[in-house]
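Trainee: This is the structure, below, for whatever I ask next.
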Amino acid sequence: MGQYAFVGGVNKQLNQLYTEYGAAVKDPPLVMKSSEHERAWDGFAATSTDTFYGSTFCNLKLAKYWLDDTSGKNHMRTGDAFRVIAKVGNLTVLQWALEHKLFPWSKLFEGACSDAAAHGHLDILKWAREKECEWKSTTCFCAARHGHLDILKWAHENGCPWDHWTCSAAASSGHLDILKWARENGCPWNADTCTEAAKSGHLQVLKWARANGCPWDEKTCRNAAESGHLELLKWANENGCPWDETTCCAAALDGHGWDACTSCGHTAETDHLVVLKWARENGCPWNEFTCSFAATGGRLDILKWARENGCLWDAETCSAAAEGGHLELLKWARANGCPWDETTCMKAAEGGHFELLKWARENGCPWDADTCSAAAEGGHLEILQWARENGCPEEGQEDEEW
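With the first letter of the sequence shown counted as 1, position 51 gets the number 51 in UniProt numbering; the numbers rise by one all the way through.
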């Protein structure tokens with residue numbers, strides 16, 4: 001450990017405990033190269049608190065020290081501590097904490113049951129319920145998502161609520177056995193089950209769901225295209241799954257995520273241009289968003305093919321390229337007649353893409369006060385100063401001039 005140091009000024013006694021008991025914990029204590037974390041919180045890397053607490057709560061003596069030492073200092077909310085211990089699965093620590101009344105047992109958090117379910121700790125879940133720890137449908141969701149059928153069975157048999165997200169979670173992770181059991185025991189489902197199976201590429205799960213009456217909608221094809229699961233998309237289309245323009249949009253997006261909620265993070269099985277070509281050859285509709293989504297992902301090859309095959313575009317293509325900092329794509333779009341507007345400069349400023357903004361202005365792209373506002377909000381001082389020096393209007397200035 002000589003080459004490592006606790007980030008910031010860690011409590012010396014805790015450091016001594018780790019020196020003495022470090023071999024007893026599952027992971028090394030939070031000893032990290034100082035250069036890896038600029039932010040620290042009470043001496044511990046803020047981005048690695050779970051690692052630290054997970055290591056601490058694996059050992060009773062470390063846990064006793066930490067919980068006693070911080071109980072009045074608000075270093076960690078007691079509810080959060082309870083959840084981490086449930087996640088680690090150390091029942092001994094939980095029992096000791098209860099005996100010493102370290103947690104507000106009258107207001108326990110249902111998240112603890114969910115964490116125990118997610119990490120496969122049935123003993124923790126049973127114990128928490130004996131102590132009247134609350135639970136909700138997220139407990140079944142977590143058990144299904146992480147493949148813990150034994151926990152799902154016990155939770156359901158003991159009155160834990162569930163909803164259609166339990167089936168969706170099982171489908172998302174490809175746990176067909178769990179999906180089957182849930183359905184056999186009356187768990188509801190809806191089109192999200194097919195959507196999640198498609199997103200993750202679980203064709204066998206999708207086939208079983210459809211054979212057993214699960215509904216689907218356009219999002220099934222959209223998610224298959226977004227994730228590059230061409231074989232699944234083909235099967236869905238051949239079996240009557242509806243699709244719309246969003247399928248082509250998702251293919252053009254190149255796996256960058258439809259939005260923060262639907263981004264799946266899976267590696268594409270098939271290149272997205274191949275998926276887009278197949279979709280178009282089989283009659284899938286598209287619109288101008290196909291081009292703007294290609295620009296978002298920086299896929300100039302997809303954009304070129306789409307335009308060569310008659311896909312419409314509008315100013316959103318240029319603004320999407322600016323948002324992602326894709327200067328070469330923007331240059332090609334402009335050279336081939338794509339319109340732009342003030343949003344292009346605003347998006348460039350917002351993303352800190354200084355060279356792209358300069359090029360856009362040198363080539364006649366309009367701007368307005370939103371450019372300065374975006375630069376300021378994004379903390380891009382150099383861009384803000386340059387924009388002001390080069391005549392970019394600021395908030396209120398346009399109204400005064402008018």
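Note that the Cβ used here is the ideal one computed from N, Cα and C, for glycine as well.
Give me the Cα-Cα distance between L253 and F289, rounded to the nearest whole angstrom.
Mentor: Mapped onto the sequence shown, residue 253 falls at position 253. Mapped onto the sequence shown, residue 289 falls at position 289. Computed Cα separation, rounded: 10 angstroms.
Trainee: Are the beta-carbon atoms of W218 and D192 separated by less than 7 angstroms?
Mentor: For the purposes of this step, residue 218 is taken as residue 218 along the sequence shown, with counting starting at 1. For the purposes of this step, residue 192 is taken as residue 192 along the sequence shown, with counting starting at 1. Before going on, a small fix: residue 218 reads as Glu here, not Trp. Their beta carbons are not under 7 angstroms apart, which means E218 does not touch D192 by this criterion.
Trainee: What runs of the beta strand (DSSP E), each 3 residues or longer, lie entirely inside the segment 209-254?
Mentor: List check, beta strand (DSSP E) in window: nothing returned.
Trainee: I want to know whether the segment 339-353 touches the segment 373-387 - three or more CB-CB distances under 8 angstroms.
Mentor: Counting Cβ pairs under 8 angstroms, three or more are found: they touch.
Trainee: Relative to the C-alpha of P188, which candidate in K207, N212, L203, G201 has its C-alpha closest?
Mentor: Within the sequence shown, residue 188 is the residue found at index 188, counting from 1. Of the candidates K207, N212, L203, G201, the one whose C-alpha sits nearest the C-alpha of P188 is N212.
Trainee: Which residue wins for smallest C-alpha separation from L233, given the options A209, T344, P393, A198?
Mentor: As a first step, residue 233 is located in the sequence shown; it is residue number 233 there, counting from the start. For the residues A209, T344, P393, A198, the minimum Cα distance to L233 belongs to A198.
Trainee: Tell me the rounded alpha-carbon separation between A315 and H164.
Mentor: Residue 315 sits at position 315 when you count from the first residue of the sequence shown. Residue 164 sits at position 164 when you count from the first residue of the sequence shown. Approximately 40 angstroms between the Cα atoms of the pair.
Trainee: Below 7 angstroms between beta carbons: does that hold for residue 426 and L230?
Mentor: With the chain covering only 1 through 402, there is no way to say anything about residue 426.
Trainee: Starting from L330, trace the alpha helix (DSSP H) in both directions and tell me its first and last residue.
Mentor: In the sequence shown, residue 330 corresponds to position 330, counting from 1. 327-335 is the extent of the alpha helix (DSSP H) around L330.
Trainee: Quick check: the Cα distance between C372 and R361, rounded to an integer number of angstroms?
Mentor: As a working mapping, residue 372 is identified with position 372 in the sequence shown. As a working mapping, residue 361 is identified with position 361 in the sequence shown. Straight-line Cα distance between these residues: approximately 14 angstroms.
Trainee: Please tell me whether I151 and L176 are closer than 7 angstroms, where the distance is taken between their beta carbons.
Mentor: Residue 151 sits at position 151 when you count from the first residue of the sequence shown. Residue 176 sits at position 176 when you count from the first residue of the sequence shown. Cβ distance not < 7 angstroms, so I151 and L176 don't count as in contact.
Trainee: DSSP three-state label for C365, please.
Mentor: On the sequence shown, position 365 is the one that residue 365 refers to. Three-state result, C365: coil.
Trainee: Compute the Euclidean distance between the alpha carbons of D341 and C318, then round it to the nearest angstrom.
Mentor: As a first step, residue 341 must be located in the sequence shown, where it is residue number 341. As a first step, residue 318 must be located in the sequence shown, where it is residue number 318. For D341 and C318, the distance between alpha carbons rounds to 8 angstroms.
Trainee: The alpha helix (DSSP H) spanning T138 covers which residue range?
Mentor: Within the sequence shown, numbered from 1, the residue matching residue 138 stands at position 138. That run of the alpha helix (DSSP H) goes 137-145.
Trainee: Just verifying my parser: in three-state terms, what is the DSSP assignment at H353?
Mentor: Here residue 353 is taken as the residue at index 353 of the sequence shown, counted from 1. Coil at H353, not helix or strand.
Trainee: Quick check on E184: buried or exposed, where buried means 16 or more other Cβ atoms within 10 Å of its Cβ?
Mentor: The residue given as residue 184 occupies position 184 in the sequence shown. It is exposed - the Cβ of E184 has fewer than 16 other Cβ atoms within 10 Å.
Trainee: When DSSP labels each residue in this structure, what does C291 get in the three-state scheme?
Mentor: In the sequence shown, counting from the first residue as 1, residue 291 sits at position 291. Here C291 sits in helix by DSSP.
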